[in-house]
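Visitor: Note that the working numbering has the sequence shown beginning at 8, numbered continuously upward. The beta carbon of each residue, even a glycine, is placed where N, CA and C say it ideally should be. Below is one structure. I have some questions about it.
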Amino acid sequence: MEKIFIFGHRKPDTDSVCSSIALSYLKNKLGMNTEPRILSDINLETKFVLDYFKIKTPKILTDVKLQIKDVDYLKNYYNYENDSIFTGYKTMTKNNISTTLIVDKDKKFKGIVGMKDIAKNQISGEYNKLSASYDNVLNVLEGEEVLRFDDQLDGEILSASYKSTRIIEEVDMHNKTVLIIGDRHSVIEHAVNNGIKLLILTGNSMIKEEHLEIARKNKVNIIRTHFETFKVATVINLCNDIKNIIRKTTISCIKENDFVTDFIEHANKTKFSYYPVIDNSNTCKGIIRMVNLGDVHKKNVILVDHNAIDQSVEGLEEANILEIIDHHNLGSIGTTMPINFRSMPVGCTSTIIYMLYKENNIEIPKDIAGIMLSAILSDTLILKSPTTTDIDKNVVNELAKITGLDINKYGMEMFNAGTSLKGRTIEEIVYTDFKLFPIGERKMGIGQIFTTNIKEITDKIDDYLSFLEKITINNNYAMCTLVVTDIINNGSYMFCNKNSEHIMENAFNIDEFKQGYYLQDVVSRKKQVLPNILNSIDGK
Numbered sequence: 008m009e010k011i012f013i014f015g016h017r018k019p020d021t022d023s024v025c026s027s028i029a030l031s032y033l034k035n036k037l038g039m040n041t042e043p044r045i046l047s048d049i050n051l052e053t054k055f056v057l058d059y060f061k062i063k064t065p066k067i068l069t070d071v072k073l074q075i076k077d078v079d080y081l082k083n084y085y086n087y088e089n090d091s092i093f094t095g096y097k098t099m100t101k102n103n104i105s106t107t108l109i110v111d112k113d114k115k116f117k118g119i120v121g122m123k124d125i126a127k128n129q130i131s132g133e134y135n136k137l138s139a140s141y142d143n144v145l146n147v148l149e150g151e152e153v154l155r156f157d158d159q160l161d162g163e164i165l166s167a168s169y170k171s172t173r174i175i176e177e178v179d180m181h182n183k184t185v186l187i188i189g190d191r192h193s194v195i196e197h198a199v200n201n202g203i204k205l206l207i208l209t210g211n212s213m214i215k216e217e218h219l220e221i222a223r224k225n226k227v228n229i230i231r232t233h234f235e236t237f238k239v240a241t242v243i244n245l246c247n248d249i250k251n252i253i254r255k256t257t258i259s260c261i262k263e264n265d266f267v268t269d270f271i272e273h274a275n276k277t278k279f280s281y282y283p284v285i286d287n288s289n290t291c292k293g294i295i296r297m298v299n300l301g302d303v304h305k306k307n308v309i310l311v312d313h314n315a316i317d318q319s320v321e322g323l324e325e326a327n328i329l330e331i332i333d334h335h336n337l338g339s340i341g342t343t344m345p346i347n348f349r350s351m352p353v354g355c356t357s358t359i360i361y362m363l364y365k366e367n368n369i370e371i372p373k374d375i376a377g378i379m380l381s382a383i384l385s386d387t388l389i390l391k392s393p394t395t396t397d398i399d400k401n402v403v404n405e406l407a408k409i410t411g412l413d414i415n416k417y418g419m420e421m422f423n424a425g426t427s428l429k430g431r432t433i434e435e436i437v438y439t440d441f442k443l444f445p446i447g448e449r450k451m452g453i454g455q456i457f458t459t460n461i462k463e464i465t466d467k468i469d470d471y472l473s474f475l476e477k478i479t480i481n482n483n484y485a486m487c488t489l490v491v492t493d494i495i496n497n498g499s500y501m502f503c504n505k506n507s508e509h510i511m512e513n514a515f516n517i518d519e520f521k522q523g524y525y526l527q528d529v530v531s532r533k534k535q536v537l538p539n540i541l542n543s544i545d546g547k
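Written as structure tokens, this is what we have:
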């Protein structure tokens with residue numbers, strides 16, 4: 008069963024992280040193979056929650072782009088360097104490919120051999136040289152083992168094609184000679200007496216017992232084959248180890264973790280027919296062709312707490328979206344197939360996931376109940392946010408029963424742990440929970456942070472405003488806003504880029520907007536800040 012990744016948006020908050028973990032637990036209980044992931048580092052509040060309930064932080068998922076390992080290329084396609092040339096030829100013909108990959112005993116990639124390399128070797132190679140294992144000669148010649156003393160056979164090939172007396176009188180035979188011969192016993196006797204390297208008996212020829220004894224004494228290797236002498240002489244060269252004709256140049260290897268899009272770009276430039284696939288340790292995984300790209304296994308994903316593509320993981324368009332569970336307005340994500348889409352106007356995604364547990368009659372463990380409760384308290388500001396619904400309140404009460412927590416005491420403890428700005432840069436603070444929203448053909452950025460000490464912001468107000476101006480210009484944003492929400496007093500301080508001050512005046516009916524303007528009871532970006540700004544822009 009293929010794994011399914013469950014994750015929230017790019018700037019993970021407590022709801023997106025805890026909802027991913029809680030939903031993954033539920034799906035696995037229902038028989039699926041899922042894993043919760045995060046798209047970047049978690050914030051202090053979420054770290055407090057996971058540490059409190061002793062739950063491991065999910066791994067970071069950098070992208071879901073298609074990789075070479077997701078393609079149905081020809082896996083485990085290679086020949087070992089000590090295979091015969093003939094074995095390499097059979098590998099190619101069996102798979103209808105004109106190239107084979109060569110590896111060592113540890114499957115480390117060494118080079119390639121093609122049909123052209125074999126043809127070149129057959130036409131212009133050294134016909135009189137044998138460098139092959141005993142087994143390779145035996146297999147290629149479909150032979151029978153008669154005597155074996157050496158596993159590796161290196162020698163000079165001689166075919167007994169002329170008169171016996173001439174061979175005996177004129178031909179020098181020694182321990183490097185490989186003799187191809189039929190039932191010419193006088194020549195055989197001469198050969199074994201000289202202790203040749205290998206005697207190949209063709210046409211199933213027999214050898215006399217006395218000659219066999221001499222061969223044993225002189226450690227002469229003997230193979231009998233049903234092939235006739237002419238055929239043996241023709242194919243003996245194919246017994247040689249394929250490493251003897253290996254090609255190491257003009258090779259373009261592809262890593263199994265390379266992106267398919269990068270491979271296509273590379274292949275369009277290099278124009279090779281085949282590409283070896285290797286891993287980071289140079290282990291050969293197989294061979295890929297452009298035609299293989301039509302059969303891929305996209306990564307399966309479930310999205311929580313978002314449904315906009317610019318808030319999601321890189322490469323989402325190359326993945327299979329199986330399900331979306333969210334409580335935000337409809338975003339820009341589209342799918343090619345119908346999916347389960349659960350969207351409800353509640354204060355938190357974990358509220359919806361709690362309902363899924365109940366619908367499927369799955370018991371909620373204490374730690375899972377704890378992180379779901381934390382997510383709802385975080386998103387609803389301990390049930391004070393205008394996004395809070397009666398459903399959220401009921402779910403919080405049920406989860407509190409499971410955990411035994413005092414929601415107000417625990418909620419403030421959670422917020423105090425998460426709102427400390429000590430040691431963090433202005434960039435890190437602004438981007439803690441920063442989301443983009445479309446305005447025509449441009450985008451608007453709205454960041455929100457929560458604090459119990461507004462002085463930590465106002466003491467560096469000029470630096471914050473300079474950073475807002477910088478990212479507005481560098482990213483060509485239509486507008487950039489920072490909402491600093493005071494948890495204790497239940498209101499927010501508003502900051503924005505200079506050219507957007509008039510928009511803030513219209514959005515919140517302010518006579519003269521000043522940076523850091525305080526709006527009592529405004530705590531929700533989704534329900535109070537974003538709609539007012541959009542209405543103000545539309546009404547211009």
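Within this structure, are the beta carbons of S339 and A315 separated by less than 7 Å?
Guide: yes
Visitor: Inspect the beta-carbon positions of K292 and N327 and report whether they are closer than 7 Å.
Guide: no
Visitor: May I have the straight-line CA-CA distance separating S27 from E366, to the nearest angstrom?
Guide: 18 Å
Visitor: Between E263 and the rest of its own chain, which residues show a CB-CB distance below 6 Å, the 5 nearest in sequence each way excluded?
Guide: I75, K76, V284, D286, K292
Visitor: Tell me the DSSP bridge mates of N327?
Guide: N307
Visitor: Please report the residue range of the alpha helix (DSSP H) in which A424 lies.
Guide: Taken as a continuous stretch (DSSP letters only), the alpha helix (DSSP H) holding A424 covers 414–425.
Visitor: What first and last residue would you give for the beta strand (DSSP E) that runs through G162?
Guide: 159–166
Visitor: If you draw a straight line from the alpha carbon of N35 to that of S91, how long is it in whole angstroms?
Guide: 49 Å
Visitor: Given L81, which residues of its chain have a CB within under 6 Å of its CB, disregarding the five upstream and five downstream residues?
Guide: G293, I294
Visitor: Are I203 and V227 touching if we call contact CB-CB under 7 Å?
Guide: Yes, the Cβ-Cβ distance between I203 and V227 is below 7 Å.
Visitor: May I have a chain-ordered list of the beta strand (DSSP E) segments no shorter than 3 residues that lie completely inside the segment 423–455?
Guide: Listed in chain order, the complete beta strand (DSSP E) runs (minimum 3 residues) inside the segment 423–455 are 441–446.
Visitor: Can you tell me the Cβ-Cβ gap for Y17 and L46, rounded? I've got them flagged as a contact below 8 Å.
Guide: According to the sequence as given, residue 17 is Arg; it is not Tyr. Correct: roughly 5 Å between the Cβ atoms.
Visitor: Taking DSSP's pairing of strands, which residues face A315 in a bridge?
Guide: Note: A315 sits in no beta bridge, so no partner.
Visitor: Quick check on the burial criterion: 16 or more other C-beta atoms within 10 angstroms. Buried or exposed for D22?
Guide: buried
Visitor: Quick one: give me the first and last residue of the beta strand (DSSP E) that V320 is part of.
Guide: Run containing V320: none; DSSP gives neither H nor E here.
Visitor: Does the distance from the CB of D79 to the CB of G322 come in under 7 Å?
Guide: No.
Visitor: Taking just the CA atoms, how far does A139 sit from D248?
Guide: Answer to the nearest angstrom: the Cα atoms are 5 Å apart.
Visitor: Between L30 and the ligand ATP, is there a pair consisting of the residue's CB and a ligand heavy atom that are separated by less than 6 Å?
Guide: In the structure on display, the ligand ATP does not appear, and there are no ligands present to speak of.
Visitor: Around the C-beta of K373, are 16 or more other C-beta atoms found within 10 angstroms, so that it is buried, or is it exposed?
Guide: exposed
Visitor: Where do the ends of the beta strand (DSSP E) carrying Q527 lie?
Guide: 524–527
Visitor: Would you mind listing the beta strand (DSSP E) stretches within the segment 273–304 that are 3+ residues and don't spill past its ends, in chain order?
Guide: 282–285, 291–295
Visitor: Tell me whether I340 sits in a helix, a strand or coil according to DSSP, three-state version.
Guide: coil
Visitor: Where does E263 fall in DSSP's three states?
Guide: It is coil, neither helix nor strand.
Visitor: Spatial neighbours of V353 within its chain, please: C-beta separation below 6 Å, excluding the five flanking residues on both sides.
Guide: H334, T396, I398, D399
Visitor: Check each candidate in G118, N368, I130, A126 and name the one with the smallest Cα separation from C260.
Guide: G118
Visitor: Quick check: the Cα distance between L245 and L154, rounded to an integer number of angstroms?
Guide: 21 Å
Visitor: Going residue by residue through the segment 199–258, where are the continuous alpha helix (DSSP H) segments of at least 4 residues, counting only ones entirely within it?
Guide: 216–224, 236–242
Visitor: Helix or strand or just coil, what does DSSP make of I47?
Guide: At residue 47 the sequence reads Ser, which differs from the Ile that was named. Looking at S47 - three-state DSSP - the assignment turns out to be coil, as it is neither helix nor strand.
Visitor: Nearest CA to the CA of L550: which residue from I436, E434, A376?
Guide: Coverage of the chain is limited to positions 8 through 547, which leaves residue 550 absent and any answer about it impossible.
Visitor: Is the CB-CB distance between A222 and V199 below 7 Å?
Guide: By the CB criterion at 7 Å, A222 and V199 fall inside the cutoff.
Visitor: Does DSSP classify E152 as helix, strand or coil?
Guide: strand
Visitor: By the three-class DSSP mapping on this structure, what secondary structure does T395 have?
Guide: In this structure, DSSP gives T395 a state outside helix and strand, which the three-state scheme calls coil.
Visitor: What are the boundary residues of the alpha helix (DSSP H) that A589 is part of?
Guide: With the chain running from 8 to 547 in the structure shown, residue 589 is simply not present.
Visitor: According to DSSP, Y500 sits in a beta bridge with which residue or residues?
Guide: V491, Y525
Visitor: Could you check how far apart the C-beta atoms of A274 and Y282 are, in whole angstroms? I think they sit under 8 Å.
Guide: 7 Å
Visitor: Cutting at 6 Å between CB atoms, please list the residues of its own chain near I175, excluding the five before and the five after it.
Guide: Closer than 6 Å at the Cβ level, and outside the excluded window around I175, lie H197.
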